[in-house]
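Colleague: With the working numbering applied, the sequence shown has no gaps in its numbers, which climb one by one up to 274 at the end. Yeah, the Cβ is synthetic: ideal placement off N, Cα and C, and Gly gets one too. One structure is given below, represented as structure tokens, and several questions about it will come after.
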Amino acid sequence: MLSRLTRPQAVAVCALPVVALLATAVFAPLPFSVAQPGMTANVLGENKGDPVITITGADTYKTRGQLRMTTIEATGPDQDVSLGDVLDGWFRTDQAIMPRDSVYPSGDSVKEIEEHNAEEMKKSQDTATEAALNHLGEQSDDIKVTLRLADVGGPSAGLLFSLGIVDKLDGDGSGGDLTGGRVIAGTGTIDADGKVGAVGGVALKTQAARRDGATVFLVPKAECSDAESNLPKGLRLIPVTTLKGAIGALVALEKGQGSVPSC
């Protein structure tokens, strides 16, 4: 003969599966990555003791300011992210929760991802060089450009590499430099024709830029709204679509003449 449970006992028994499910949800790994502001690097300066940009075969200008490429850092593809991590990051402005597949190619190992990112960075550097020399009307046969940036992968530094090359070879085109002595940061891919592409993670990159002293941030125009979402105080956004447009905006900003676009 079965004994009857009291109401409190019945509630407790029924609650056990719910508690177990919640515990599983809290601690089970989820297919997300937690991203945060990463390092920045001045492409006009040195990185780990080596010049980021080395140019031979042409005279170069001495630059005064900084052009800082920006990055984000994300939990690795082999790191577990729990529901607690997701909830914590969801309500923070210095973190973003991103689908893991949008950060890392699905199914790739850590080594494969590192190799892929290194390859993308090399392609970006070659294209950035081509875009800069095309803009200046220079021949790559006469000028050799070497780019070195340790521990950074992917194509998102393309725009800043191109600007750094132009600044070293031509400055603002009239004896000054592109930065006007400012700390300028930014992000964006670039193709050989100088077209700037979107990259993602710009809201976190603006925070990294301001943290490291930037007062101006060059953002792909398509990502203006993302960049404005948590824009740090004291950081001015300049939307760009082309290398030529970015250079024109910096020259106008430096000289205090002409129109400087804004988001």
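By DSSP, does residue 218 sit in helix, in strand, or in coil?
Modeller: If DSSP states are grouped into helix, strand and coil, residue 218 belongs with the helices.
Colleague: Note the first and the last residue of the continuous alpha helix (DSSP H) segment covering residue 77.
Modeller: From DSSP, residue 77 is part of no alpha helix (DSSP H) but of the beta strand (DSSP E) over 77-85.
Colleague: Can you list, in chain order, the stretches of the beta strand (DSSP E) that have 3 or more residues and sit fully within the segment 101-185?
Modeller: Fully enclosed beta strand (DSSP E) runs of 3 or longer: 107-110, 155-158.
Colleague: In the structure shown, what three-state DSSP assignment does residue 207 receive?
Modeller: Note: residue 207 maps to strand in three-state DSSP.
Colleague: Establish whether the CB of residue 155 and some CB of chain D are separated by less than 8 Å.
Modeller: Looking at the structure shown, chain D is missing, and only one protein chain is on hand.
Colleague: DSSP on residue 61, reduced to helix/strand/coil?
Modeller: In the structure shown, residue 61 sits in a strand (DSSP, three-state: E or B).
Colleague: In three-state terms, what does DSSP make of residue 35?
Modeller: Here residue 35 scores only 44 on pLDDT, less than 50, and its place in the model is too uncertain to base an answer on.
Colleague: Need the endpoints of the alpha helix (DSSP H) that residue 257 sits in, please.
Modeller: Note, residue 257: alpha helix (DSSP H), 254-266.
Colleague: Take the Cβ of residue 183 as the centre, count every other Cβ of all protein chains shown within 10 Å, and call the residue buried at 16 or more, exposed below.
Modeller: Result: buried.
Colleague: So which of 229, 110, 96 has the shortest CA-CA distance to residue 273?
Modeller: When each option's Cα is compared against that of residue 273, the closest is 229.
Colleague: Measuring only the C-alpha atoms, how far is residue 123 from residue 187?
Modeller: The straight-line gap from Cα to Cα measures roughly 43 Å.
Colleague: For the alpha helix (DSSP H) containing residue 238, name the first residue and the last one.
Modeller: Here the alpha helix (DSSP H) through residue 238 covers 235-240.
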